[in-house]
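Numbering (my numbering), first residue to last: 661 to 984. We treat Cβ as the ideally placed atom computed from N, Cα and C, and that holds for glycine.
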Ligand code: TYM
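Quick look at the structure:
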């Protein structure tokens, strides 16, 4: 039997090339060898206020993005989190075995909510919902970017704690964090990750940016002092741009180095812009491939498949806890 993978993205903001290179690209590559579940995590989205109409729209847009990136609905299960009630139900159970201290240590919470008594409780328990997503499916592997590593560790801790205290109900999931691309940085500030919520729009290349916009953003990207174009973490701006080049062209590090040896930043940026535009072109053309009906069918079928697995896990958990 194939091993299972689970991953997801939030339908908030616009997806950027960091999401693509850190996550989606690997989702597509892994779906041949694994039984894959890719979720649109709209319950995570409401940890911050969302306009209902826009959330509905962005949820479907994100499904289109999964498909356009190459997630194949014949092989992989694509579904919306809120269509499978077990995600919310298991979250309650896992909340009851989570500790305040371990959730307070989550860096994402520290960045977004800590010390702010007006912050939503959902922001605090967000990683528990993420653990439920993963654990419901007896997931072997979770392909994510570096920023989700700590959440993955919490998922493993909760699974181990439950298994120890109530009997084995969950598989312990492993993270899959790519060597290159796990943390694509902002083009304007390479000390920060590229982020959907960054106010400086020039920091991110969005997946639906047109060729002109992409070229302008890359031309404006900050660089480091010096002139060499190398993979070197002490020169984070060029390191980041070269990593993007490597991933959009599927070249090896050595090929990239050889190509830009002795060349200047201007020429490098020109070639990077061209390669990024070419990389996104077929993806952007495919985003319009699915009409609303086709999309609804895929999401309905996906939710049914997901529900049957999630329900079996939840029922085992309830039985083990004496909730019958
Ligand atoms: P989200 O929506 O913020 O991001 C989706 C995926 O993109 C990765 N990512 C990046 N990778 C490289 N460089 C970047 N700058 C960058 N920014 C984002 C993220 O690591 C992620 O893999 N909590 C998750 C969604 C989630 C989830 C799950 C993921 C909910 N339940 C269960 C895996 C399994 C999130 O907010 O991702």
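| Can you tell me where the beta strand (DSSP E) with residue 695 in it begins and where it stops? | For residue 695, the enclosing beta strand (DSSP E) covers residues 694-700.
| query | How is the beta strand (DSSP E) around residue 836 delimited, first residue to last? | reply | It spans 834-836 - the beta strand (DSSP E) in which residue 836 sits, taken as one unbroken run.
| field | DSSP-derived helix/strand/coil call for residue 718 | value | Here residue 718 carries a helix assignment [DSSP, helix/strand/coil].
| message | Is any non-hydrogen atom of the ligand TYM found closer than 7 Å to the C-beta of residue 908, if you look at the structure I gave you? | response | No; taking the cut-off as 7 Å, the Cβ of residue 908 has no heavy atom of the ligand TYM nearer than that.
| query | Start and end of the alpha helix (DSSP H) containing residue 669? | reply | Counting along the chain, residue 669 falls outside any alpha helix (DSSP H), though it belongs to the beta strand (DSSP E) covering 663-669.
| message | Quick check: is any heavy atom of the ligand TYM less than 7 Å from the C-beta of residue 710? | response | No, since every heavy atom of the ligand TYM falls outside the 7 Å radius drawn around the Cβ of residue 710.
| Close Cβ partners of residue 706 (< 8 Å) along its chain, the five nearest in sequence each way excluded | Excluding positions up to five away in sequence, the list reads 715, 782.
| request: Tell me whether residue 799 is buried or exposed, calling it buried when 16 or more other Cβ atoms sit within 10 Å of its Cβ. | output: Classification for residue 799: buried.
| task | Report buried or exposed for residue 670, applying the criterion of at least 16 other Cβ atoms within 10 angstroms of its Cβ. | result | Flag for residue 670 reads buried.
| task | Determine the direct distance from the alpha carbon of residue 840 to that of residue 637, and round the result to whole angstroms. | result | This structure cannot settle anything about residue 637, because the visible part of the chain is limited to 661 through 984.
| said: Is residue 753 close to the ligand TYM? I mean its beta-carbon at under 7 Å from any heavy atom of the ligand. | reply: Checking the Cβ of residue 753 against the ligand TYM gives no.
| query | What do you reckon, are the CB atoms on residue 802 and residue 838 nearer than 8 Å? | reply | In this structure, residue 838 does not lie closer than 8 Å to residue 802 by Cβ.
| message | For a test of the three-state rule: what should DSSP assign to residue 740, helix, strand or coil? | response | Strand, per DSSP.
| message | For residue 866, list the residues DSSP reports as bridge partners. | response | Looking at the DSSP assignment, residue 866 forms a beta bridge with 676.
| Meets three-Cβ-pair contact criterion under 8 Å: the segment 713-733 and the segment 814-833 | Between the segment 713-733 and the segment 814-833, the count of Cβ pairs shorter than 8 Å is below three; the stretches do not touch.
| message | What does the alpha-carbon distance come out to for the pair residue 821 and residue 959? | response | Distance between the alpha carbons of residue 821 and residue 959: 33 Å.
| Distance, Cα to Cα, residue 862 vs residue 877? | Whole-angstrom Cα-Cα distance: 6 Å.
| query | From 921, 938, 925, 787, pick the residue whose C-alpha is nearest to that of residue 910; which is it? | reply | If we check each option's Cα against that of residue 910, 938 comes out closest.
| field | residue 770 versus residue 884 - alpha carbon distance | value | Just so you know, the alpha carbons of residue 770 and residue 884 end up roughly 30 Å apart.
| What do you reckon, is the C-beta of residue 892 under 7 Å from a heavy atom of the ligand TYM? | Checking the 7 Å criterion, the Cβ of residue 892 is out of range of every heavy atom belonging to the ligand TYM.
| Does the beta carbon of residue 870 fall short of 7 Å from some heavy atom of the ligand TYM? | Not one heavy atom of the ligand TYM lies closer than 7 Å to the C-beta of residue 870.
| said: Quick check: residue 811 and residue 766, are their CB atoms within less than 8 Å of each other? | reply: Yes, they are a contact pair.
| query | Looking only at its own chain, which residues have a Cβ that is under 8 Å from the Cβ of residue 768, when we skip the five neighbours before and after it? | reply | Beyond the five residues adjoining it in sequence on each side, residue 768 comes within less than 8 Å, by CB distance, of 786, 787, 807, 810, 811 in the same chain, given in chain order.
| field | Residue(s) in a DSSP beta bridge with residue 803 | value | Per DSSP, 836.
| query | According to the Cβ coordinates, are residue 867 and residue 928 closer than 8 Å? | reply | With contacts defined as CB atoms closer than 8 Å, residue 867 and residue 928 fail to qualify as a contacting pair.
| said: Rounded to the nearest angstrom, what separates residue 921 and residue 724 at their Cα positions? | reply: Going by the C-alpha atoms only, they are around 39 Å apart.
| If you draw a straight line from the C-alpha of residue 667 to the C-alpha of residue 963, how long is it? | Cα to Cα, residue 667 sits roughly 15 Å from residue 963.
| field | Endpoints, alpha helix (DSSP H) assigned at residue 899 | value | Annotation: the continuous alpha helix (DSSP H) that includes residue 899 extends over 896-909.
| Measuring from the CB of residue 681, is there a heavy atom of the ligand NAP at a distance below 7 Å? | Because the ligand NAP does not appear in the structure shown, any question about it cannot be addressed here, the ligands present being the ligand TYM.
| field | Pair within 8 Å by beta-carbon distance, residue 818 and residue 750 | value | Cβ atoms of residue 818 and residue 750: not closer than 8 Å.
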